[in-house]
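Worksheet: the structure to be examined is printed underneath.
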Amino acid sequence: MGLDVNWALRWLALSADAMAEHREELIELDRPIGDSDHGENMDRGFKAVMVKLAEAPPETAGAALKLTAMTLMSKVGGAAGPLYGTAFLRAATALGDAADVDAATLAAAFQAARDGIVARGKAESGDKTMVDAWTPAVDAAAAAAGDSDVRKVLLAAAEAAEAGAVSTDPMLARKGRASYLGSGASATGIRAPCPAP
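Each residue of the sequence shown is one higher than the last, beginning at 3 in our numbering.
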């Protein structure tokens, strides 16, 4: 069994809930390195995504991700809008028009999203950016895809991403606003929701 549009919509709704729940935390994390608007921007962006999905319900998971991408790029300011928008857009392209996304296609979507972030942000592993969470997720998804079980791909990617985020704590930030803080930068992660298909 693969992933369909209903799973994608549920995942996006849970993502929007997570952004709302962690809005203040993201604002506080942004305070030392930015203008304290990251939580507000992400919450606003995902609320707008939910409105757009309700106005024009997509027929495929790829279409849902593409609509998410376009909405985030237009509603989220700073670097986050282009970075997240590019990730969703590249993932949507990888999914294509498939009504039922299999494990291999899902793993390819993870890689496409990560590659989009790298291309847009010019960051690489070890720079203490989201790439440090995405790269292990991509590797774990690719390894798990051999079993042809989308659940295993999702779980492997989520666990690897969380471990990757935690691994950034001792790193010195070399890209983005966190690099302004030097050795004082701290990293934390909000675990992405991962509903069962």
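Glycine included, every Cβ here is placed at the ideal spot set by N, Cα and C.
Since we're looking at a predicted model, the values are computed, not measured.
Counting other Cβ atoms within 10 Å of its Cβ, N43 reaches 16 or more and is therefore classed as buried. Annotation: the region 85-127 contains the following complete segments of the alpha helix (DSSP H) (minimum length 4 residues), in chain order: 105-123.
Going by beta carbons, A96 and A111 fall inside the 8 Å limit. Nearest neighbour of T137 by Cα position, chosen from A101, A115, D32 and A94, turns out to be A115. Looking only at A94, A125 and A63, the smallest Cα-Cα distance to G4 is reached by A63.
Take the alpha-carbon of L31 and the one of S150: they are about 38 Å apart.
Taking a cut-off of 8 Å for Cβ pairs, the region 18-25 and the region 75-83 do not touch, as fewer than three such pairs fall below it.
For L55, the enclosing alpha helix (DSSP H) has its first and last residue at H40 to E57.
By DSSP's assignment, L5 forms a beta bridge with V103. Across the structure, E164 and K68 are spaced so that their CA atoms are roughly 25 Å apart. Measuring C-alpha to C-alpha distances from E57 to each of M173, T70 and D45 identifies T70 as the nearest. The residues M52, in chain order, have a CB closer than 8 Å to that of A15 in the same chain once the five nearest residues on each side in sequence are set aside. Inclusion of G83 and G118 in the CB contact set at 8 Å is not warranted, their separation being larger than that value.
Sorting A135, Q113, G41 and A121 by C-alpha distance to the C-alpha of S169 places A135 at the top.
Under the Cβ criterion (8 Å, minimum of three pairs), the region 151-158 does not count as touching the region 121-132. Nearest C-alpha to A143 among V133, M132 and L156: L156.
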